[in-house]
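Residue numbers (the numbering used here), protein chains in the order written: chain A, 5 to 553; chain B, 233 to 547.
In this text, a Cβ means the ideal position worked out from N, Cα and C, and glycines have one as well.
Beneath this line is the structure, given in structure tokens, with notes to follow.
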Amino acid sequence: MRNSKSRATMIGLCIALIIALLAGCSSQKEEAGGSSGASASQETSDGMADGGMTNLTGYPITKEPIKLKAVVAYSALRPNMDKTEIWKYVAEKTNIDLEVEVLKDAEKVDLMFASNDFPDLILGVAMNSNQLTSAAEGGQFVEIEPLLEQYAPTWSSFMKENKLVYNGSLAADGKLYGLPYIDFAPFDRNLRDQWIIMESWLKELNLEIPKTTEEFKNVLQAIKDNAGKGTIPSDVIPYYFQFDGYVGGQFDIYGSFGVYVTSPDYLYVDNGVVKDQSTNPKIKEPLKYLRDLYQSGLIPPEVFTDDGNTYVSKISSLPPLVGSYHSYANRQPELGTAMGPIDSGNGQKPFIRSQAYVAGPANTAVITKNNKYPAATVRLLEAIATDLELELTVSRGVKGTLWDYDAEGKAYQLFWEESPDKMAENSAKLGLHNSFVALKDQSFYADKWKELSYDVKNTRAWAYEHVYKDAVLPNDMVYVEGALGADDVSLTNQYRTDLTNYRKTVFADFITGRQDIDAGWDAYVKQMNKLGLEQFVELRQKAYDVIAK
Amino acid sequence: MKLAGTAREREALKPLRLRMWDNRQLYLFLLPAIALVIAFNYLPMYGIMIAFKDFKPHLGIIDSPWVGLKHFDRFFSMPMFEVVLKNTLLISFYVLIAGFPLPVLLALALNSTTNQRMKKLVQTVTYAPHFISIVVVVGMVNIFFSPSMGIVRNLLDMLGVHEGNLGVLMNASSFPHLYVWSGVWQGLGWSSIIYLGALSAVDQSMHEAAIIDGASKFQRVMRIDLPSILPTIVILLILESGTIMNVGFEKAFLMQNSFNISTSEIINTYVYKIGIKEGQYSLSAAIGLFNSGINFIMILVVNQISKRLGQESLW
């Protein structure tokens with residue numbers, strides 16, 4: 005008797021467990037099926053929105069203090085995004101208290117999307133297009149465009165005028181769910197890598213900064229020949245890059261020979277048509293040049309075997325170890341300087357890579373259906389775009405510590421990422437930079453901001469102004485992409501993996517001389533086509549059309 | 233004719249229910265373990281069905297549409313499928329063949345040494361690498377074998393054995409060796425612990441008897457030690473063969489460079505590149521299920537072989 009009773013208890017427990025599990029699933033389902041909440045923002049007749057809580061103009065944004073939950077992905081440079089002082093400033097000014105949770109790793113972000121467990125507002129979490137589209141399909145996000153028209157005229161007109169930003173932010177269903185981080189500083193957007201050469205060594209050797217491929221080779225040879233003399237170390241690396249890395253890679257060598265590449269997939273845009281450069285016979289010339297440098301011992305074999313961290317540590321070495329390298333920032337501003345793309349003498353204009361004026365990144369503020377105050381949230385985003393003090397506080401950090409006003413009323417920087425020590429010291433006063441929205445467009449740089457670094461030699465701004473301004477690839481040649489549907493994305497990734505694997509191996513063989521470039525070329529092109537190059541370029545064109553339409 | 237059996241035989245004749253009741257305290261001890269296995273190993277298994285569905289988070293597992301074998305089909309029809317499968321199998325069998333016997337040998341050797349200080353020293357030295365993380369091990373491999381400025385290259389250069397760049401990292405064919413032997417170096421000592429444990433259970437009187445009979449050290453190892461730990465070896469071999477498709481993702485991924493992709497692209501790294509990054513849960517689940525299927529078949533086969541040969545088996 006008691007035996008059967010305990011068995012019944014066991015079974016009962018099991019059933020309870022299963023029911024609890026199913027209940028968990030179904031309650032989620034109900035939430036998912038609920039209305040998208042986009043309509044929750046209707047204006048009421050008394051000039052208030054969000055059910056009377058939100059003022060339509062001026063500060064504070066809401067009549068009474070409200071709390072919004074937000075999440076943001078962790079950034080090592082700004083570890084205290086949840087506790088930073090700027091939220092106090094925002095709350096005092098707007099009555100909106102953002103409770104920010106930092107998601108420590110990408111898995112936590114994945115989990116949020118897989119479980120539909122969203123806060124009120126999603127800041128920069130680097131969501132991919134599948135995640136965005138899938139959550140939007142499930143009615144989890146609030147379409148933001150109608151709200152912009154109603155409450156955020158600045159954002160609304162900016163998005164209308166900047167098609168690349170607008171189209172690049174759309175989900176695959178063609179709707180807008182979030183606002184981007186915009187920084188249109190020309191020295192940031194209009195230039196990819198600087199090409200650094202160790203000017204101090206050139207001075208020791210009485211050499212000029214090279215202007216042609218021939219001169220570049222001679223300079224590297226001179227550096228190698230003088231290893232161990234003066235400040236040139238005996239184990240000097242004359243020329244170093246991270247093979248096929250879009251940051252730190254050898255792509256500007258191609259550009260010097262007129263083979264312009266504006267995407268890590270060896271693509272560029274020619275009058276709206278996406279074209280492949282990896283099978284363009286013209287790329288044989290720069291490949292031969294690289295082979296020549298490799299065989300002369302001017303490029304070490306480590307360019308093919310080192311990982312990104314090793315690359316960065318070698319180019320950042322002080323005293324310097326590398327004669328010339330590619331990098332976003334000059335790693336030895338006291339010793340090295342920026343050199344332009346070099347002329348190959350084949351009649352093609354040498355260009356250095358630029359980046360398009362796209363969002364960087366898109367969707368750093370996405371309102372979810374859990375948000376009870378969508379109008380107030382959008383008004384906050386608008387205030388960040390229009391109120392300079394609020395914008396810089398949210399974006400850079402506390403006024404007086406990170407930035408300040410000059411006599412003309414323009415804002416200028418006190419310190420930023422170039423001073424990692426100060427960043428660490430003041431980490432509780434930092435803003436969110438590109439983890440949240442900002443609108444630093446051309447007019448921001450023209451009217452509101454004073455960039456001091458244009459006059460400081462060997463900063464990126466100086467290099468752009470004095471070395472690269474007239475040598476950057478035109479923006480319309482830069483490959484940019486919009487969101488595709490899930491099937492297209494997965495096909496693209498498959499083609500990309502196969503093509504990249506094969507191209508990398510063959511180009512490495514070409515440069516190291518294990519395969520003859522001319523003899524091996526046809527077989528290489530044939531295999532690339534077999535691996536789906538044509539279909540891949542078609543898919544890339546489709547993604548380009550989404551953003552450039 | 234047996235009229236009344238022993239107490240044990242009589243016990244065995246009782247119905248199961250009564251026997252369970254008699255041993256209820258023991259069954260109570262078993263309960264938490266069973267509950268854990270059910271809650272964490274069996275119930276989540278219903279999630280496997282997303283391998284046959286187009287899983288959409290907002291629809292949930294149950295309501296996502298069925299697509300049959302679509303994801304398997306896609307995986308098998310990928311142009312690189314054969315290459316990555318071949319690379320995976322090559323590395324995993326190599327790991328098994330090179331990595332399995334060595335810890336046994338080390339344990340036997342350590343067990344036979346009379347110099348206790350030497351034994352302790354060797355144990356410490358061989359255990360230490362186990363505690364180094366994969367990322368650091370790969371970093372060490374890359375730095376030591378760096379083609380133009382690695383320690384190995386410089387040493388060989390100094391000794392006059394080798395000139396120019398060291399090709400180890402630059403040849404696709406050397407990837408499996410680097411992968412496997414760095415793993416052996418890292419895991420050798422740690423894996424030998426379980427055999428040392430088994431060896432400590434060997435009856436010393438057998439050794440004493442063998443010594444009196446004039447058996448040499450080697451003969452004693454072969455006739456006494458090895459047969460005593462054979463069951464442990466066989467069980468571990470069976471378990472090991474059930475992980476044949478689980479070639480470490482991190483290590484292979486970190487060790488990849490432009491030269492060795494043709495041998496270093498394994499199923500896990502390939503799947504990572506084409507799918508998982510983009511949240512394609514269904515495809516990833518399908519490939520994971522495929523791997524588990526192969527692992528399961530391997531366990532069955534090796535277990536059966538072991539049984540046929542009259543050795544230990546799992547069931």
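Item: Phe-287 (chain B) and Tyr-513 (chain B) closer than 7 Å at C-beta; Value: yes
Item: Neighbourhood of Gly-602 (chain A) by C-beta, 6 Å cutoff - its chain only, sequence neighbours within 5 removed; Value: Any property of residue 602 (chain A) remains undetermined from this structure, which presents chain A solely from 5 to 553.
Item: Ala-547 (chain A) versus Tyr-361 (chain A) - alpha carbon distance; Value: 17 Å
Item: Chain-ordered neighbours of Thr-266 (chain A) on chain B, where CB pairs are closer than 7 Å; Value: Within chain B, no residue comes near Thr-266 (chain A); the closest Cβ sits about 21 Å away, beyond 7 Å.
Item: Alpha-carbon spacing of Tyr-274 (chain B) relative to Leu-532 (chain B), whole angstroms; Value: 20 Å
Item: C-alpha distance - Asn-171 (chain A) paired with Val-277 (chain A), whole-angstrom precision; Value: 18 Å
Item: Cut-off 7 Å between Cβ atoms - residues of its own chain near Thr-405 (chain A), not counting five sequence neighbours on either side; Value: Leu-418, Asn-430 and Lys-433
Item: Segment contact flag, the region 323-333 of chain A with the region 237-247 of chain A, C-beta cutoff 8 Å, min 3 pairs; Value: yes
Item: Any chain B beta carbon closer than 7 Å to Gln-246 (chain A); Value: no
Item: Residues of the region 291-325 of chain A with Cβ closer than 8 Å to any Cβ of chain B, in chain order; Value: Pro-304, Pro-305, Glu-306, Phe-308, Thr-309, Asp-310, Asp-311 and Thr-314
Item: Exposure label - Asp-177 (chain A); buried when at least 16 CB within 10 Å; Value: exposed
Item: Candidates A:Thr-381, A:Ala-139, A:Ile-319 and A:Glu-469: closest to Gly-252 (chain A) by CA position; Value: A:Ile-319
Item: For Ile-148 (chain A), three-class secondary structure by DSSP; Value: coil
Item: Cβ neighbours of Thr-314 (chain A) in the same chain (closer than 8 Å, five flanking residues each side left out); Value: Glu-306
Item: Closest by C-alpha distance to Ala-175 (chain A), when choosing among A:Asn-132, A:Tyr-155 and A:Ile-227; Value: A:Asn-132
Item: Proximal residues, the region 306-338 of chain B versus chain A, C-beta separation under 7 Å; Value: Met-310, Pro-311 and Met-312
Item: Residue ranges of each alpha helix (DSSP H) within the region 402-489 of chain B, 4 or longer; Value: 407-432, 436-444, 449-452, 458-473 and 481-487
Item: C-beta atoms of Gly-232 (chain A) and Glu-208 (chain A) nearer than 7 Å; Value: no
Item: Any chain B beta carbon closer than 7 Å to Lys-508 (chain A); Value: yes
Item: Cβ-based neighbour list, Met-252 (chain B), same chain, cut-off 8 Å, excluding 5 preceding and 5 following; Value: Tyr-259
Item: Residue span of the alpha helix (DSSP H) that contains Asp-229 (chain A), given as start and end; Value: 217-229
Item: Nearest to Leu-468 (chain B) (by Cα), restricted to the options B:Gln-348, B:Ile-443 and B:Pro-333; Value: B:Pro-333
Item: contact_flag[the region 480-493 of chain B, the region 406-423 of chain B] where n(CB pairs < 8 Å) is 3 or more; Value: yes
Item: Beta-carbon spacing of Leu-125 (chain A), Leu-72 (chain A) below 7 Å; Value: yes
Item: Outcome for Ile-270 (chain B) when other beta-carbon atoms lying within 10 angstroms are tallied against a minimum of 16; Value: exposed
Item: 7 Å Cβ cut-off: residues of chain A touching Ser-380 (chain B); Value: Pro-304, Pro-305 and Glu-306
Item: Delimiting residues of the beta strand (DSSP E) encompassing His-330 (chain A); Value: 326-331
Item: Nearest candidate by alpha-carbon position, reference Ala-339 (chain B), set B:Leu-317, B:Ile-294, B:Asp-457 and B:Ser-516; Value: B:Asp-457
Item: Check whether Tyr-555 (chain A) and Tyr-264 (chain A) have beta carbons under 7 Å apart; Value: Residue 555 (chain A) falls outside the range modelled here, since chain A spans only 5 to 553, and no answer is possible.
Item: Limits of the alpha helix (DSSP H) - the one that Val-370 (chain A) falls within; Value: Per DSSP, Val-370 (chain A) belongs to no alpha helix (DSSP H); it is in the beta strand (DSSP E), 369-371.
Item: Exposed unless 16 or more other CB atoms sit within 10 angstroms - verdict on Ala-244 (chain B); Value: exposed
Item: Minimum C-alpha distance to Trp-298 (chain B) - residue among B:Thr-475, B:His-290 and B:Phe-284; Value: B:Phe-284
Item: Spatial neighbours of Ile-366 (chain B) in its chain, beta-carbon cut-off 6 Å, leaving aside the 5 residues before and after; Value: Glu-482 and Lys-483
Item: Whole-angstrom C-beta distance between Asp-347 (chain A) and Thr-266 (chain A), which should lie under 8 Å; Value: In fact, because the Cβ distance is near 20 Å, the residues do not count as touching under 8 Å.
Item: Closer than 7 Å to chain B by CB, Thr-118 (chain A); Value: Before going on, a small fix: residue 118 (chain A) reads as Ala here, not Thr. It does: the Cβ of Ala-118 (chain A) has a partner Cβ on chain B nearer than 7 Å.
Item: CB of Ile-470 (chain B) within 7 Å of CB of Asn-527 (chain B), strictly; Value: no
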